[in-house]
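If you count the sequence shown from 1, position 217 lands on 221 in our numbering, and the numbers rise without skipping. Here the structure comes first, spelled out in structure tokens, and everything after it is commentary.
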Amino acid sequence: MGNEIKIKKETLDSLIFFYFGFTLDEDYCDIITRIIEKAYVDATNQGAFNTIADPRKAKLSKYGKDGKGGSFKIVLDRIGILEKDEMVNFDGWHNETCNMLIKLYDKNGLKDIFTYGNAQKWINMTLKYIFLLNGISNNNAESILEKSSKICRYSSDFHIPIDSYIIDELWDPKKKVKLPVKDNAKKGRDYLYKTPSEYVKGWSNWVECDYLDALGTWREVTGINPLVWESEHWINRAKKRKRKNITNK
């Protein structure tokens, strides 16, 4: 059995349904669609999106779900490529997918709203959720395991979903991860700010080179599965933020 943990089906169904709105015995396409929708909320629920006037939010949503060329369908179709028997270059797939999404929003007058930072988080959170669900042992999950297992063949190449928590964890100058520092970070990377992400360009404003520089240098200084690293460090930073917020009350 190793480190396998058995969870009652009823408990697992309740937890997954509470978070995603489905259970693992549902149709695979429905499951993946809900995962994409959840990841989209994660990618568009912070930063600049919170300050958009209602008409622009409506327009953003329109080019998400509506039509055959909607961004949701783009993500669904691109995920389908990873489900095929023949494997592809993951980094190339990822970059092309992000740029396809940006091109769609650019074409519809939302160039300054949907960025590479938003695209990377949407794609990366989608894959993270698939990775986590794939790791759950459940006899009634065959519908998702068959295809999600193929997607998870790429797990060692998956990217970290960049957000403010991860930026804080990447700040340590010893890690030497390249980050797009704001002009007001006068003390630079050698200074251990309490909240380093306040001195780095917000992730939702990152352009392609910001993201690729951070990804490339992160890979140079680590040697473990990216989502394993991300899980540990994201939780670590979230706990620190929580303790800080409690202390400041």
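Don't be surprised by glycine CBs; every beta carbon is placed ideally from N, CA and C. What you are looking at is a predicted structure, and each value in this text was computed from that prediction instead of being measured.
Asked                                                                                                          : Found
The stretch 177–188 / the stretch 86–93 touching (three or more Cβ pairs under 8 angstroms)                    : no
Backbone secondary structure at residue 181 - three-state DSSP                                                 : coil
Euclidean distance between Cα positions of residue 31 and residue 140                                          : 17 angstroms
Supposed close pair residue 96, residue 215 - CB separation, criterion 8 angstroms                             : With a Cβ gap of about 15 angstroms, residue 96 and residue 215 do not count as contacting.
Unbroken alpha helix (DSSP H) run spanning residue 39, endpoints                                               : 32–47
Neighbour-count burial assignment, residue 109, 16 or more Cβ in a 10 Å radius                                 : buried
Opening and closing residue of the alpha helix (DSSP H) in which residue 136 lies                              : 120–138
Classification of residue 116 by the beta-carbon crowding that lies within 10 angstroms, buried from 16 upward : exposed
Residue 213, enclosing alpha helix (DSSP H) - first and last residue                                           : 212–225
Member of 107, 85, 99, 87 whose CA lies at the smallest distance from the CA of residue 75                     : 107
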